[in-house]
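Here the protein sequences line up with chains R and D, keeping their order. Counting in numbering that gives the first Met the number 0, the first sequence runs from 0 upward without gaps. Counting in numbering that gives the first Met the number 0, the second sequence runs from 0 upward without gaps. Structure first, commentary second.
Protein chains: 2
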Amino acid sequence: MKSVNIGICGLGTVGGGTFNVLRDSAELITARAATQLRVTHVGARHDSSTCDLAGIRVSRDIFEVARDPEVEILVELIGGTTVARELVEAAIIAGKHVVTANKALIAEYGNEIFALAEKHSVQVRYEAAIAGGIPIVKALREGLAANRIEWLAGIINGTGNYILTEMRDRGREFSDALSEAQALGYAEADPAFDVEGTDAAHKLVILASLAFGIPLQFEAVYTEGITELTTQDVGYASELGYIIKHLGIAKQTDEGIELRVHPTLIPDDLLLADVDGVKNAILIEGGAVGPTLYYGAGAGARPTASAVVADVIDLARGVGVGASAPLPALGVAIADLRSLPLIPIEKVKTPWYLRMEVADKPGVLSTVASIFSEQGISIEALIQRAPGEGQTLVSLIVLTNNAPQGSVDIAVRKMEALATINGKVTRIRVEALDG
Amino acid sequence: MKSVNIGICGLGTVGGGTFNVLRDSAELITARAATQLRVTHVGARHDSSTCDLAGIRVSRDIFEVARDPEVEILVELIGGTTVARELVEAAIIAGKHVVTANKALIAEYGNEIFALAEKHSVQVRYEAAIAGGIPIVKALREGLAANRIEWLAGIINGTGNYILTEMRDRGREFSDALSEAQALGYAEADPAFDVEGTDAAHKLVILASLAFGIPLQFEAVYTEGITELTTQDVGYASELGYIIKHLGIAKQTDEGIELRVHPTLIPDDLLLADVDGVKNAILIEGGAVGPTLYYGAGAGARPTASAVVADVIDLARGVGVGASAPLPALGVAIADLRSLPLIPIEKVKTPWYLRMEVADKPGVLSTVASIFSEQGISIEALIQRAPGEGQTLVSLIVLTNNAPQGSVDIAVRKMEALATINGKVTRIRVEALDG
């Protein structure tokens with residue numbers, strides 16, 4: 000039986016998980032790959048208490064792994080974008096295939112890395128970079144290859160989804176739910192990466208490139224976090240038949256591409272609305288297949304290892320490998336990526352949910368209505384709550400028809416300037432996601 | 000640019016859909032495959048009104064396509080298992096790759112066909128045979144290849160799921176919902192294939208082989224249809240927090256393999272419980288990744304064509320092709336398939352839902368309880384409905400703990416023999432599907 004030599008760089012959570020999945024399931028994996036997958040070299044600053052490295056070459060300098068002529072596949076699990084990029088490029092130049100779980104690296108430097116890999120006739124695989132163990136890269140690159148992808152919408156940050164689920168199911172405020180997520184080890188001590196949407200933006204930009212055959216353009220993603228969401232909005236959304244999810248959305252229209260991460264009201268009868276807790280799911284609208292959805296664990300040592308090892312097995316099997324027919328990293332060769340215009344977020348139209356606290360006085364409603372009208376925004380539904388005993392402010396909830404963000408933001412600013420409106424006006428996009 | 004010549008046999012719904020997806024999306028598909036996909040030969044008894052065959056060789060004898068030395072990939076979409084098998088084997092022997100949507104052919108003759116393909120170093124791809132456009136074969140064969148699959152449970156017959164959804168949402172009886180499905184073109188005029196579970200059994204046996212690396216064994220699947228289900232049971236299930244779905248279930252336990260298709264009560268908070276109408280979904284429990292779910296259209300011309308064309312693109316890209324590293328059709332080479340024992344259905348343990356109409360008399364309950372006790376079946380919950388005005392029969396609903404079907408069926412026969420129990424006792428399996 001043939002064998003393939005694997006070098007693993009990084010023995011943290013995912014590195015340790017990968018090492019152990021390869022060892023624990025060696026028999027099964029050998030049968031599937033028809034190849035012995037041997038970890039021959041590990042690069043890590045420290046040994047791992049969970050990995051038995053006996054008989055394996057261990058280097059403190061990870062670049063030793065990239066220089067090791069015996070290593071055929073280098074698995075990059077050190078994270079970050081500086082050293083990781085150098086390491087991956089060194090491996091490629093040395094003629095090794097690369098497997099990585101590093102979403103930031105791919106989102107920010109993927110164009111350069113994939114071009115280099117094409118030049119050196121090696122593969123860079125990154126299934127684990129998006130939605131953990133869900134084989135979504137393979138689905139887009141291969142399974143849905145016959146489809147013009149119209150749009151996709153994903154719950155691609157588990158921490159954020161956990162927080163939103165807690166806010167809805169237990170009426171917790173954002174900060175409480177975040178503390179709980181941190182206590183459970185879901186969120187980082189500095190949770191900005193999760194709750195501000197950067198992590199989701201990294202994943203979205205990769206999904207969009209795979210879906211539409213466009214270059215990676217991380218800097219172009221519009222990103223809005225969930226830090227401003229209140230249980231009040233979660234509750235009103237629910238009354239209106241919606242669930243608020245933090246979605247990464249990529250759309251292809253006749254005008255161009257939309258790339259955006261933001262809280263979104265979606266109908267509560269969608270399957271995507273039922274994806275709770277730390278789980279991830281991606282809904283994809285394909286021209287031929289219609290909607291398909293992919294659900295599973297978006298993080299964690301073993302789910303992420305599942306994706307890393309799947310990539311390794313693919314390479315060991317020779318799937319898409321070889322100079323005659325390499326599988327393109329983004330679904331088409333780098334030279335064939337299309338330069339499609341990006342639609343500025345101000346021009347992106349959807350329906351909107353707005354909430355404001357208004358004085359319970361005659362004329363307020365007509366003033367608000369006329370501000371919408373001036374901006375060409377039509378109102379789909381309007382709910383005014385009767386004031387509580389002794390209260391002078393009432394909540395006004397407005398659902399609009401399709402309107403561009405630019406017009407909505409002008410209307411919001413005008414409303415916030417009114418003496419009869421108290422504080423900020425909340426505005427959240429609504430998406431039907433119905434194809 | 001290189002090109003590949005495709006022969007399509009069969010221009011019915013799926014054949015026409017495939018032809019048109021290849022033509023309509025030619026530019027996009029060419030870029031993704033880095034290859035021109037040319038349909039050079041069509042074998043069909045009649046022309047199709049939806050396909051423009053100008054410039055394409057057309058044969059009335061489909062075997063002409065298998066004999067055509069220019070054809071490199073033969074797409075079999077004629078259906079059936081007799082002529083289709085001859086055609087596919089002729090193509091394999093002639094050195095052509097084969098793509099098929101024919102679940103009956105693969106389920107019943109796949110072992111022989113795949114062995115022949117291995118011998119001739121060609122690929123047989125069948126993504127479209129299961130769950131239409133959902134790339135589930137690719138997910139199991141490649142995306143989840145690092146996982147020992149513990150079990151999978153699928154809604155893999157859209158007609159049956161449509162009927163169950165109508166029964167639940169509109170309180171329709173089975174026969175009404177079936178008529179509606181027929182009127183909408185979902186069910187065949189002879190719907191037995193759908194509602195008796197044969198279609199689901201075909202798909203299940205293929206999924207199980209991919210999941211566990213075992214030979215295809217269609218005759219071993221236990222199959223129970225949905226024809227006996229009543230709205231009463233759908234209603235009681237709902238009160239108890241369950242939804243009834245017609246599932247194909249494959250499990251790998253220490254004792255062996257379970258292969259079964261039957262109505263099943265599943266908790267209503269599962270994502271699978273929310274899969275309604277004609278849609279399909281497969282929930283898979285992997286050892287490393289945990290649960291993942293795949294959802295989409297399970298039938299229809301264009302969704303099925305999406306899967307057929309994805310297979311063609313894979314072959315054109317050279318994914319898993321070539322004598323040095325062929326992708327095994329069932330995830331492992333035919334010689335490496337494991338012969339695992341099948342657990343007879345009588346021994347398969349799950350909780351059960353039972354409903355019986357009993358006389359409203361003292362002592363009935365204790366008689367029923369003692370019959371369960373004799374069979375070693377413990378009762379988890381028991382609901383007795385107060386009789387209506389002037390009624391002498393009451394409904395008794397029992398939820399049991401884990402019990403083998405053999406014991407439950409003995410208990411059912413004993414209860415049906417009681418004078419105090421009217422008519423048949425309904426028994427339906429319960430599955431928690433919680434990993």
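Heads up, the beta-carbon is just placed ideally off N, CA and C, and yes, glycines get one too.
The beta-carbon distance between leucine 258 of chain R and valine 204 of chain R, rounded to whole angstroms, is 7 Å. This is short enough to meet the 8 Å contact definition. Within the DSSP bridge table, the entry for cysteine 8 of chain D names D:Gly42 and D:Glu75 as partners. Following the DSSP letters along the chain, one finds glutamate 257 of chain D in no alpha helix (DSSP H) but inside the beta strand (DSSP E) bounded by residues 256-266. Annotation for serine 394 of chain D: the continuous beta strand (DSSP E) segment containing it runs 392-399. Interface flag for valine 98 of chain R against chain D is unset, since no Cβ pair is found closer than 8 Å. At least one beta carbon of chain D lies nearer than 8 Å to the beta carbon of glutamate 141 of chain R. Closer than 8 Å to the CB of alanine 332 of chain D there is at least one CB belonging to chain R. Scanning the stretch 89-136 of chain R for uninterrupted beta strand (DSSP E) segments of 3 residues or longer gives 96-99, listed from N- to C-terminal end.
No Cβ of chain D is located within less than 8 Å of the beta carbon of aspartate 168 of chain R. Taking all protein chains in view, the Cβ of arginine 31 of chain D is crowded by 16 or more other Cβ atoms within 10 Å, so the residue is classified as buried. Any Cβ of chain R closer than 8 Å to the Cβ of isoleucine 376 of chain D would place that residue at the interface, and such an atom is absent. Interface flag for asparagine 160 of chain R against chain D is unset, since no Cβ pair is found closer than 8 Å. Assignment of leucine 36 of chain D by DSSP, reduced to helix, strand and coil, places it in the strand class. Between the stretch 204-214 of chain R and the stretch 171-182 of chain R, the count of C-beta pairs closer than 8 Å stays below three; the two stretches do not touch. Just so you know, the alpha carbons of lysine 202 of chain R and alanine 152 of chain R end up roughly 11 Å apart. The Cβ of arginine 147 of chain R sits closer than 8 Å to at least one Cβ of chain D. The Cβ of leucine 292 of chain R sits closer than 8 Å to at least one Cβ of chain D.
For isoleucine 420 of chain D, no CB of chain R lies under 8 Å from its own CB, so it is not counted at the interface with that chain.
For the pair leucine 27 of chain D and isoleucine 133 of chain D, the Cα-to-Cα distance works out to about 20 Å.
Annotation note: the stretch 347-375 of chain R contains the following uninterrupted alpha helix (DSSP H) runs of length 4 or greater, listed N- to C-terminal: 363-373.
In this structure, the straight-line span from the alpha carbon of isoleucine 283 of chain D to that of proline 302 of chain D is close to 21 Å. Spatial neighbours of isoleucine 55 of chain R in its own chain (CB-CB distance under 8 Å, excluding positions within 5 residues in sequence) are listed in chain order as Val38, Thr39, His40 and Val41.
Of all alpha-carbon atoms in R:Thr230, R:Asp67 and R:Tyr161, the one lying nearest the alpha-carbon of asparagine 4 of chain R is that of R:Asp67. Of all residues in the stretch 20-49 of chain D, only Val20, Ser24, Leu27, Ile28, Ala30, Arg31 and Ala33 come within less than 7 Å of chain R when Cβ atoms are compared, listed by chain position. Contact note: aspartate 273 of chain R reaches chain D through Leu270 and Asp273, using a C-beta cutoff of 7 Å and chain order.
Each residue's CA atom was taken as its position, placing isoleucine 378 of chain D and asparagine 400 of chain D some 6 Å apart.
According to DSSP, proline 386 of chain R shares a beta bridge with no other residue.
Collapsing the DSSP output to three states places tyrosine 294 of chain D in a strand. In this structure, DSSP gives isoleucine 225 of chain R a state outside helix and strand, which the three-state scheme calls coil. Neighbours of serine 305 of chain D in chain R, taken as residues whose beta carbon is under 8 Å from its own, are Leu143, Ala145, Asn146, Gly285, Ala287 and Val288 in chain order. Residue-level contact check: glycine 212 of chain R touches chain D, since one or more beta carbons of chain D fall below 8 Å from its beta carbon.
Membership of glutamine 251 of chain D in the beta strand (DSSP E) is indicated by the continuous run 241-251. Taking C-beta atoms as the reference points, isoleucine 370 of chain D and alanine 418 of chain D fail to come closer than 8 Å. The residue among D:Gly299, D:Ile105 and D:Ala236 with its C-alpha nearest the C-alpha of aspartate 267 of chain D is D:Ala236.
Neighbours of alanine 249 of chain D in chain R, taken as residues whose beta carbon is under 9 Å from its own, are absent, since the nearest beta carbon is some 16 Å off.
Around the Cβ of serine 338 of chain R, a 10 Å sphere holds fewer than 16 other Cβ atoms; the residue is exposed.
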